[in-house]
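This report refers to the structure that appears directly beneath it.
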């Protein structure tokens, strides 16, 4: 089947993760957060990334459940500063977008606040036609509903969609729905694989 769409993850493919273990460990060290923060994060992350609570609500419950020597603005700025683009991967996707062969859309797990920041910071509006993010779809990868909703929005046949992600656990349910999938391991491998598919 001819590919018509490419769905691409953001964190781990186009840039660093937004608020994963590594970023939270840095925050714990910088702000003196203990294991209670990580426990509370685990209880809240699904609600936050599915758009059911805001960043302010997340911080209130995960961080500011007791007096702190820093402000919400300080830790929010720290969170945003953890996001760094992968310029080589973004360049590959920019080339793909320029070819006009397929429609490009992101498909990622992210809170709304981080997602908007990263779209802007990474310059993704110039590349992707739509941002199919968990915060706006109301469900996260790897649950199959996010893939079904993404297909509905894109009006795409899964057999015509290539899904790129850096985690096998997210690719497996997509394959069950007949997506074509690509495990991201680096920009050079991504470029080679897209070339073999006739997209570059």
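Numbering (this note's numbering), first residue to last: 4 to 203. A virtual CB, placed ideally from N, CA and C, is assigned to each residue, including glycine.
Run of the beta strand (DSSP E) containing residue i, from where it starts to where it stops
{"i": "residue 69", "result": "Segment: none, residue 69 is in no beta strand (DSSP E) and carries neither H nor E."}
{"i": "residue 165", "result": "164-168"}
As assigned by DSSP and simplified to three states, the class of residue i
{"i": "residue 10", "result": "strand"}
{"i": "residue 59", "result": "helix"}
{"i": "residue 183", "result": "strand"}
{"i": "residue 45", "result": "helix"}
{"i": "residue 38", "result": "helix"}
C-alpha gap between residue i and residue j, whole angstroms
{"i": "residue 202", "j": "residue 11", "result": "14 Å"}
{"i": "residue 69", "j": "residue 155", "result": "43 Å"}
{"i": "residue 97", "j": "residue 72", "result": "43 Å"}
{"i": "residue 107", "j": "residue 59", "result": "31 Å"}
{"i": "residue 39", "j": "residue 190", "result": "37 Å"}
{"i": "residue 121", "j": "residue 182", "result": "26 Å"}
{"i": "residue 56", "j": "residue 194", "result": "37 Å"}
{"i": "residue 51", "j": "residue 192", "result": "33 Å"}
{"i": "residue 4", "j": "residue 62", "result": "46 Å"}
{"i": "residue 7", "j": "residue 103", "result": "10 Å"}
{"i": "residue 53", "j": "residue 196", "result": "31 Å"}
{"i": "residue 112", "j": "residue 17", "result": "13 Å"}
Alpha helix (DSSP H) segment containing residue i, residue limits
{"i": "residue 193", "result": "190-199"}
{"i": "residue 174", "result": "171-179"}
{"i": "residue 91", "result": "90-102"}
Contained alpha helix (DSSP H) runs [length at least 4] in the segment 105-155, N- to C-terminal order: 115-124, 137-140, all fully within the segment 105-155.
Touch test, the segment 115-126 against the segment 76-87, Cβ-Cβ under 8 Å, three pairs minimum: Yes: the two stretches touch, three or more of their Cβ pairs being nearer than 8 Å.
Three or more C-beta pairs below 8 Å linking the segment 126-144 and the segment 28-35: Fewer than three beta-carbon pairs drawn from the segment 126-144 and the segment 28-35 are found closer than 8 Å, and the two stretches are therefore not classed as touching.
Contact the segment 161-172 vs the segment 8-23: 3+ CB pairs below 8 Å: Between the segment 161-172 and the segment 8-23 there are three or more C-beta pairs closer than 8 Å, enough to call the two in contact.
The segment 135-154 in contact with the segment 169-180 per 3-pair CB rule at 8 Å: The segment 135-154 makes contact with the segment 169-180, as at least three CB pairs between them are under 8 Å.
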